[in-house]
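Using our numbering, you'd call the opening residue of the sequence shown number 461 and step up by one each time. Every residue gets a Cβ at the ideal spot worked out from N, C-alpha and C, and that includes glycine. Owing to the predicted nature of the structure, the values given are computational and were not obtained by experimental measurement.
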Amino acid sequence: MDIAHDRNDIGPVIDAIVREIAPSLVEIRRDIHAHPEIGFEVERTAGVVAAELTRLGIACKTGVGRTGVVADIQGSAPGPRLVIRADMDALPMQETTGLPYASTIPGRMHACGHDLHTATLIGVGAVLSQLSGKLSGSIRLVFQPAEETIDSGAAAMIADGALEGVDMALGFHNEPSVPAGKIAYIRGASFASADSFQIVVEGRSGHAAQPHEAVDPIVAAGHLLTQLQTIVSRELNPIRSAVVTVGRIEGGDAYNIIPNRCTMAGTVRTRSPEARDAIEAAMKRICAGVSLVHRVDCKVDYRRNLPPVMSADGLLDLTVEAVRQQGGDVIEVEGGFGAEDFAFFSERVPSSHIRIGSGQPGREDRVHNSNYQPDEGSIAAGVRALSRTAFELLGNPRASERHRPQ
Numbered sequence: 461m462d463i464a465h466d467r468n469d470i471g472p473v474i475d476a477i478v479r480e481i482a483p484s485l486v487e488i489r490r491d492i493h494a495h496p497e498i499g500f501e502v503e504r505t506a507g508v509v510a511a512e513l514t515r516l517g518i519a520c521k522t523g524v525g526r527t528g529v530v531a532d533i534q535g536s537a538p539g540p541r542l543v544i545r546a547d548m549d550a551l552p553m554q555e556t557t558g559l560p561y562a563s564t565i566p567g568r569m570h571a572c573g574h575d576l577h578t579a580t581l582i583g584v585g586a587v588l589s590q591l592s593g594k595l596s597g598s599i600r601l602v603f604q605p606a607e608e609t610i611d612s613g614a615a616a617m618i619a620d621g622a623l624e625g626v627d628m629a630l631g632f633h634n635e636p637s638v639p640a641g642k643i644a645y646i647r648g649a650s651f652a653s654a655d656s657f658q659i660v661v662e663g664r665s666g667h668a669a670q671p672h673e674a675v676d677p678i679v680a681a682g683h684l685l686t687q688l689q690t691i692v693s694r695e696l697n698p699i700r701s702a703v704v705t706v707g708r709i710e711g712g713d714a715y716n717i718i719p720n721r722c723t724m725a726g727t728v729r730t731r732s733p734e735a736r737d738a739i740e741a742a743m744k745r746i747c748a749g750v751s752l753v754h755r756v757d758c759k760v761d762y763r764r765n766l767p768p769v770m771s772a773d774g775l776l777d778l779t780v781e782a783v784r785q786q787g788g789d790v791i792e793v794e795g796g797f798g799a800e801d802f803a804f805f806s807e808r809v810p811s812s813h814i815r816i817g818s819g820q821p822g823r824e825d826r827v828h829n830s831n832y833q834p835d836e837g838s839i840a841a842g843v844r845a846l847s848r849t850a851f852e853l854l855g856n857p858r859a860s861e862r863h864r865p866q
C-alpha cells in the first residue's frame, strides 16, 4: 500500500488499512472467542497474538508477567513512548449465545469483550507497523492476562518491565451501552477504585437471657453497619459520589447465645484518590468509636485492591480531538463504579482511557452476561480511533509532558 502522504493526510490512509484488515480481525476475534482462557492461563491466546504480530513483522516478547505479550514499534524519529494495552482473559461462566463461534470450553466465556480488545490491538499493530515511518517516538503494544482476577495481570506485567521507558499510556474498553461506531469518554475517573474490607467485632459471649454479663458484638456490629453508611451521605461531597457496601455479616451459632464475635465484609468504590483516603480514615475512626461506646474491640482490615483509572485532562483532550479528526462520533458519558486494573498503568504514567461503542441495534447487552453479543464492527472503529490517537499523542509536545492526572 502506498503510504507516501503528509502526516496531515494520515486519516484516509488509516481508513484504507483498516478496511483491508477488518475481515481478518473479525476472524481472529471469533477464534479467540471460541477458545476462551481465564486468568493467567492464556497460553493459547498469547500464542495467537504472538503469531499474528510475527506475521506482521513486529518483534514481540512473550511470557511477560507470566503469560503477557509485549511488542514495540519504533518510529523514524525520536520521541516519547506510548503504551497501548489490551486484556486477553475470559470469565468462568457458561456461554448461552448459541453463536457458530461460541465457546468450545464448558464454563468459560468471553463475556466482557476481551476477545474484541485483543483483536483490536492486533489491528492497531498492523496499522502502526505499516505507518511507522511517520511516527515520532515508539509504540508499545501490551497484551495482558488476568484482568478479571484479584491477582492482577497488569501488576504482574509492570513488575516484569512492561512500563520501562514509557512516557504515557492509552487504554480502552468495549461499551455495549454505546452504539457501535461511537467512541465514548469519561472525565476524571474512567473506572472507580475497588477496595475491600473486613471488620471483626470482638465481644464476650454469654447467655442470651443474661446480656448484662456479656458484651454483645452483634448489637455493636448493627450500630457499626448504620454508621458506615453515613460516611458517604454525611462526610463526602455529594458531587463526588462513592459506594460503601457491606455484603456479608456473620455472627453467632445459636439463637440463645450471645457470641464472642461478629464479622462483616464489603467493598468500597470511589472515583477520586481523595475520597478513597477519606473513607478509609472514617471507617477506622467509626470503628474506634463503636469500640469505646459498646465495650467491644473492632479490628479493621482495609485492603486497597485497585486505584481508580484516571485520565489526565490534557491527554484525554488530545485523544478526543484525534478521534474526531479521524471522523469518529465522540460522546461524553457518565462514569460508574466498575473497576479495571489498567489503573496500575494510569497510576504510574499519564494516561488516557476511552470506551469503544459495541452495542448492536435492537439489543440491550451488558458485559458479564452469558448471552453477551457485542457488535464486531467495534473492532474496526477501535482500530481507527486508537491508531489516530497514537499519532496525535506522539506528535504533540503537550502529550509528552510528564504531568500527572489531577
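- The beta-carbon separation of V769 and R729, rounded to 12 Å, does not stay under the 8 Å limit for a contact.
- Within the same chain, V543, F805, V809, S811 come within 6 Å of A629 by CB-CB distance, once the 5 residues on both sides are set aside.
- Membership of S806 in any beta strand (DSSP E) is not indicated; the residue belongs instead to the alpha helix (DSSP H) covering 803 to 806.
- The beta carbon of A725 lies closer than 6 Å to those of Q658, R708 in the same chain, with the five residues before and after it left out.
- Within the model, the alpha-carbon separation for P698 versus A735 is close to 11 Å.
- Put simply, the stretch 768 to 784 does not touch the stretch 592 to 602. Fewer than three CB pairs are less than 8 Å apart.
- I643 sits close to I814, with the two beta carbons spaced by under 8 Å.
- If you look at S637, you'll find it in the beta strand (DSSP E) that goes 628 to 639.
- Secondary structure at G471: helix, using DSSP grouped into helix, strand and coil.
- Per the C-alpha coordinates, the member of R700, Q554, I717 positioned closest to A669 is I717.
- Counting C-beta pairs with one atom in each stretch, the stretch 533 to 552 and the stretch 622 to 638 have three or more that are closer than 8 Å, which means they touch.
- Following the DSSP letters along the chain, one finds Q534 inside the beta strand (DSSP E) bounded by residues 528 to 534.
- As the crow flies, the alpha-carbon of A614 is around 33 Å from that of C747.
- Within the stretch 794 to 841, the runs of beta strand (DSSP E) that reach at least 3 residues and sit entirely inside it are, in chain order, 811 to 819.
- Relative to the Cα of L485, the nearest Cα in the group G535, G842, D655 belongs to G842.
- Judged by DSSP in its simplified three-state form, L551 adopts strand.
- Between C520 and V529, the gap from beta carbon to beta carbon is short of 8 Å.
- When C-alpha distances from P834 are compared across L766, I646, H493, V660, the shortest belongs to H493.
- Listed as beta-bridge partners of A649 by DSSP are M770.
- Distance from the Cα of S656 is smallest, within the candidate group T557, D761, S637, for D761.
- Looking at the backbone, the Cα of Q820 and that of A531 are separated by about 32 Å.
- The continuous beta strand (DSSP E) containing A702 extends over residues 702 to 711.
- Spanning the alpha carbons of P719 and C758 requires a straight line of approximately 14 Å.
- Distance from the CA atom of H667 to the CA atom of E695, rounded to whole angstroms, is 38 Å.
- By the Cβ-count criterion, D676 is buried, with 16 or more other Cβ atoms from all chains shown falling within 10 Å of its own Cβ.
- Looking at P857, Q689, S847, R858, the one whose alpha-carbon comes closest to that of G471 is S847.
- Taking C-beta atoms under 8 Å as the contact rule, R731 and G817 fail to qualify, at a distance of about 22 Å.
- L559 sits exposed, since fewer than 16 C-beta atoms from the chains shown fall within 10 Å of its C-beta.
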